[in-house]
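Worksheet for the structure shown next.
Numbering (my numbering), first residue to last: -15 to 476.
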């Protein structure tokens, strides 16, 4: 690892190559022999597990319960909501047969032509259809509502160009699906989940996000409104990091999910869906990491502190004993810590490896320092080192982890805010957007203008942002009146 670290491409030279190398060299994931799919390695999965745990708790605090629905969806289900099927049709993987058989030469297997399914099954690209077909059996009266379900699962969306975590054919995610008695309840839930995603991104991932609502063109297929959080990566591109959808009664009508309301009259249920995926791993990597490797926020780091001893063999028992004391005191404070006293790797190799993997704090226990009552502490976010008294070291580390969490968030906010521009001149916009950044531009609300921007610049309207004061103006492309400024950027 120490040798590989020296070969990590610099962000300034090739940001995309830097990212691809870092994901592999930091032991997060690797390409699978199955085209478009990835293997998430234990270290990468440990980060995803921490994300899952935090989000799951946040969901459950709002009354959400976990459930599980089938991986395979009858093709006819996808046909029931026209806009939905059109949005996903080109990405669907289809199961046509249910059996294999040995070939004639008995050295392999073939699909048994006699085992053709009467109706093809779709590997779920998302689960609205199968879930709403199920909800039909659960909902009869307003007393059965709301239903607040979430599932942690995998989905399949066939991709031609893949990139680890950011865009793969199969990926892991959570998808929440709720049913409500009124439009107001459903819209309130959709907006609440967006706030939860934003809180998680900022307080745990240390990734600042802009909340907003998508344009009609960029909405989720079958939604009346899609709410989004958009994050800026270090190359100035946007990454859609979570979405929540108000689906109206579209799926209630498509699957005939009716209930008797308080007036004893039949009404179709109102729906939301919302999700985040392993794409968040990409956001985490690209927002904080540097030319030395990963920089992980302490709140999500699998190992928050690593302790490395340096001493002669006869000094090791003393170092092991002192390390055990520090480990115990850190664990008592809820800090995850690893003591690496393996004798098959040199200290310099270990330093480089844990730096590459983004461990927030490194303690070096040296025999000489220990005699003076000191320990060397290095923080990964700034690479600064200092010698600290071993007395009260656990409290010191706990406070340092909090400081690192705040510091990397502030650094990300400062970078983003320095790369947000108001722009009213289209020629200027076309030139500047090549270098990345978020652009606040007046938009006339038409699909034609939106399509022209995308065709000319590869940039898209990310959202109508909530955090900026909206004032009327003139569209920079069409010259027509515009009600508000939208956020435009090139995106992953």
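Glycine is no exception: its CB is placed at the ideal position from the N, C-alpha and C atoms.
Keep in mind the model is a prediction, meaning the values are calculated, not measured.
For residue i, the three-state DSSP class (helix, strand or coil)
i	result
residue 143	coil
residue 71	helix
residue 313	helix
residue 33	helix
residue -12	Per-residue confidence for residue -12 stands at a pLDDT of 47, beneath the threshold of 50, marking its modelled position as unreliable; the derived number appears in the next sentence. Helix, per DSSP.
residue 28	helix
residue 195	strand
residue 161	strand
residue 350	strand
residue 80	strand
residue 125	strand
residue 462	coil
residue 476	coil
residue 113	helix
residue 39	helix
residue 46	coil
residue 66	helix
residue 237	helix
8 Å Cβ cutoff met for residue i and residue j
i	j	result
residue 343	residue 188	no
residue 477	residue 236	This structure does not reach residue 477, given that the chain is present from -15 up to 476, and the question cannot be answered.
residue 211	residue 163	no
residue 423	residue 216	no
residue 327	residue 290	no
residue 319	residue 221	no
residue 348	residue 288	no
residue 112	residue 206	yes
residue 46	residue 170	no
residue 459	residue 427	yes
residue 283	residue 454	no
residue 138	residue 156	yes
residue 471	residue 194	yes
residue 25	residue 11	yes
residue 239	residue 251	no
residue 377	residue 310	yes
residue 357	residue 295	no
residue 263	residue 225	yes
residue 123	residue 132	no
Residue i burial status per 10 Å Cβ neighbour count (16 or more: buried)
i	result
residue 197	buried
residue 272	buried
residue 444	buried
residue 267	buried
residue 277	buried
residue 66	exposed
residue 144	exposed
residue 275	exposed
residue 435	exposed
residue 365	buried
residue 95	exposed
residue 110	buried
residue 23	exposed
residue 167	exposed
residue 229	buried
residue 97	exposed
residue 466	buried
residue 90	exposed
N-terminal and C-terminal residue of the beta strand (DSSP E) that residue i is part of
i	result
residue 211	209 to 216
residue 243	242 to 244
residue 223	222 to 232
residue 252	250 to 252
residue 104	100 to 107
Range of the contiguous alpha helix (DSSP H) that encloses residue i
i	result
residue 515	Residue 515 lies beyond the stretch modelled for the chain, which goes from -15 to 476, so this question has no answer here.
residue 397	377 to 402
residue 7	-1 to 9
residue 362	First-last for residue 362: 358 to 363, but that is the beta strand (DSSP E), not the alpha helix (DSSP H).
residue 431	431 to 441
residue 331	331 to 340
residue 181	167 to 187
residue 62	59 to 62
residue 481	The structure shown does not extend to residue 481, since the chain is modelled only from -15 to 476, so the question has no answer here.
Beta-bridge partners of residue i, as assigned by DSSP
i	result
residue 369	362
residue 422	404
residue 449	196
residue 155	139
residue 90	Per DSSP, none; premise fails for residue 90.
residue 427	468
residue 22	15
residue 318	According to DSSP, residue 318 bridges with nothing at all.
residue 303	DSSP, once it has assigned bridges, lists no residue as partnering residue 303.
residue 289	321 and 345
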